[in-house]
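Residue numbers (the working numbering): 54 to 233.
Each remark here refers to the structure printed beneath this line.
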Amino acid sequence: MSKLLYSATTSVDGFIAGPGGDMSWLVPYLGPDPAIDDLVGEIGALLVGNRTFRGDDPHKGTPAEGEACGGGWSGPQFVLTHHPPAEPVPGVTFVGDLHAAVAAATTAAGGKYVNVLGADVARQCLEAGLLDEIFVCIAPVLLGDGVRLFDRPGGTPLALERLVATQGPVATDIRLRVVR
Numbered sequence: 054m055s056k057l058l059y060s061a062t063t064s065v066d067g068f069i070a071g072p073g074g075d076m077s078w079l080v081p082y083l084g085p086d087p088a089i090d091d092l093v094g095e096i097g098a099l100l101v102g103n104r105t106f107r108g109d110d111p112h113k114g115t116p117a118e119g120e121a122c123g124g125g126w127s128g129p130q131f132v133l134t135h136h137p138p139a140e141p142v143p144g145v146t147f148v149g150d151l152h153a154a155v156a157a158a159t160t161a162a163g164g165k166y167v168n169v170l171g172a173d174v175a176r177q178c179l180e181a182g183l184l185d186e187i188f189v190c191i192a193p194v195l196l197g198d199g200v201r202l203f204d205r206p207g208g209t210p211l212a213l214e215r216l217v218a219t220q221g222p223v224a225t226d227i228r229l230r231v232v233r
């Protein structure tokens with residue numbers, strides 16, 4: 054059965070995007086990373102938040118612009134949104150309900166991971182008890198402001214179990230399991 058895995062690169066101070074969703078900070082940290090390369094091979098489908106889907110692209114101005122994982126992955130993508138675009142987007146399904154989106158992505162993943170992209174959709178999956186794992190690349194930078202890796206004001210602590218921690222070429226990679 055497919056598992057839901059939230060993956061993101063975060064600054065040391067816990068931001069995955071700068072102010073206004075700016076992703077340009079990520080460019081120096083896009084280098085090859087064996088842990089990320091291995092993870093990409095384990096992904097069967099993407100569950101993407103609307104802001105992430107429509108947001109800034111760290112690959113802007115390169116041939117990888119607009120491509121999942123910078124062009125390193127292809128497959129079915131499901132975008133959680135209440136405002137789908139007027140024109141269809143090839144390879145992308147827009148879904149307005151979290152549980153329907155998770156069910157569709159899980160089926161499409163065919164036993165591989167559903168990679169959750171976007172802090173808000175990851176939070177929704179976590180709160181619904183659907184998130185299984187978290188893969189975080191910690192980049193050696195302080196952003197000071199922006200979109201947090203997780204933002205749960207008033208939330209209670211949630212236990213995580215470390216599965217793997219490795220030092221990549223430009224970031225520290227940590228894979229965690231959500232303890233239920």
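Built from N, CA and C at the ideal position, the CB exists for glycine as well.
Work out the CA separation of LEU151 and GLN177 for me, nearest whole Å. 8 Å
Check whether the Cβ atoms of ALA192 and THR63 lie closer than 8 Å to each other. yes
In the DSSP assignment, the alpha helix (DSSP H) including ASP91 goes from what residue to what residue? 87-94
So, using beta-carbon positions, are ASN103 and LEU83 closer together than 8 Å? no
From the DSSP output, which residues share a beta bridge with GLN220? THR225
Tell me whether the segment 63-82 and the segment 197-214 touch, counting them as touching only if at least three CB pairs, one residue from each stretch, are closer than 8 Å. yes
With a threshold of 16 other CB atoms inside 10 Å of the CB of ASP226, please say whether the residue is buried or exposed. buried
Taking contact to mean 3 or more Cβ pairs, one atom from each stretch, closer than 8 Å, check whether the segment 82-98 and the segment 209-229 are in contact. yes
Might you give, ordered along the chain, the residues of its own chain that have their beta carbon closer than 6 Å to the beta carbon of LEU245, omitting 5 neighbours on each side? Given that the chain is displayed from residue 54 to residue 233, the structure contains no residue 245 and the question cannot be resolved.
Less than 8 Å between the CB atoms is what I'm expecting for LEU170 and THR105, so what's the real figure, rounded? 5 Å
Whole angstroms is fine: what's the gap from ARG233's alpha carbon to GLU186's? 11 Å
Going by beta-carbon coordinates alone, are GLY97 and LYS165 separated by less than 8 Å? yes
Under 6 Å Cβ to Cβ from PRO129, same chain only, skipping five residues before and after it: list those, please. ALA98, ALA161
Excluding sequence positions up to five away, which residues of its chain have a Cβ less than 6 Å from the Cβ of VAL167? SER55, LEU57, ALA98, LEU100, ALA158, THR159
Cβ neighbour criterion (16 or more within 10 Å) applied to LEU79: buried
Just to confirm, are VAL142 and ALA61 a CB contact at a threshold of 8 Å? no
So the beta strand (DSSP E) PHE147 belongs to, where does it begin and stop? 145-148
Suppose contacts are defined by Cβ-Cβ distances below 8 Å. Is LEU213 in contact with VAL231 by that definition? yes
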